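The structure appears below as structure tokens.
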Amino acid sequence: MAYLTGKTKGGKDWTPAFIEALDPEKCIGCGRCYKVCSRNVFAPEDFEDEETESVRMIMTIANDQNCIGCVACGVTCSKKAFSFKPLEV
Numbered sequence: 001m002a003y004l005t006g007k008t009k010g011g012k013d014w015t016p017a018f019i020e021a022l023d024p025e026k027c028i029g030c031g032r033c034y035k036v037c038s039r040n041v042f043a044p045e046d047f048e049d050e051e052t053e054s055v056r057m058i059m060t061i062a063n064d065q066n067c068i069g070c071v072a073c074g075v076t077c078s079k080k081a082f083s084f085k086p087l088e089v
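The sequence shown begins at 1 in the UniProt record's numbering and counts up by one.
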């Protein structure tokens, strides 16, 4: 199995990990991922919590094809709501 790889400025191999999913149960809608993403991957959305019968704002993956695999969103997420995966080629 081969993955898409690149090089860092220093010449080291680097394998980007692209966003695979965002868990709405873990997301608290803080917007950190939205602010750190320079590629317009995320958008806010209302989430209906069936247990508490309430609505809250969360982030959703709106444009996953814009992801460059930097994982900045996952690093900033205090709730670890993201999952990532390298791209198989």
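Ideal placement from N, C-alpha and C gives every residue a C-beta, glycine not left out. All figures in this text were calculated on a predicted structure; none of them were measured in a lab.
Enclosing alpha helix (DSSP H) for residue i [first to last residue]
| i | result |
| --- | --- |
| R56 | It is not in any alpha helix (DSSP H) - R56 instead sits in the beta strand (DSSP E) that spans S54 to I61. |
For residue i, three-class secondary structure by DSSP
| i | result |
| --- | --- |
| K12 | coil |
| G74 | helix |
| D23 | coil |
| K35 | helix |
Local Cβ density within 10 Å of residue i, reported as buried at 16 or more and exposed below that
| i | result |
| --- | --- |
| L22 | buried |
| A62 | exposed |
| A81 | buried |
Start and end residues, beta strand (DSSP E) containing residue i
| i | result |
| --- | --- |
| K80 | No beta strand (DSSP E) contains K80, which DSSP labels as neither H nor E. |
| A43 | F42 to D49 |
Whole-angstrom distance between residue j and residue i, CA atom to CA atom
| i | j | result |
| --- | --- | --- |
| T5 | E20 | 17 Å |
| A2 | R56 | 40 Å |
| L87 | K7 | 15 Å |
| V36 | C73 | 6 Å |
| V71 | V41 | 12 Å |
| C27 | T15 | 26 Å |
| I58 | K12 | 36 Å |
| S78 | I68 | 21 Å |
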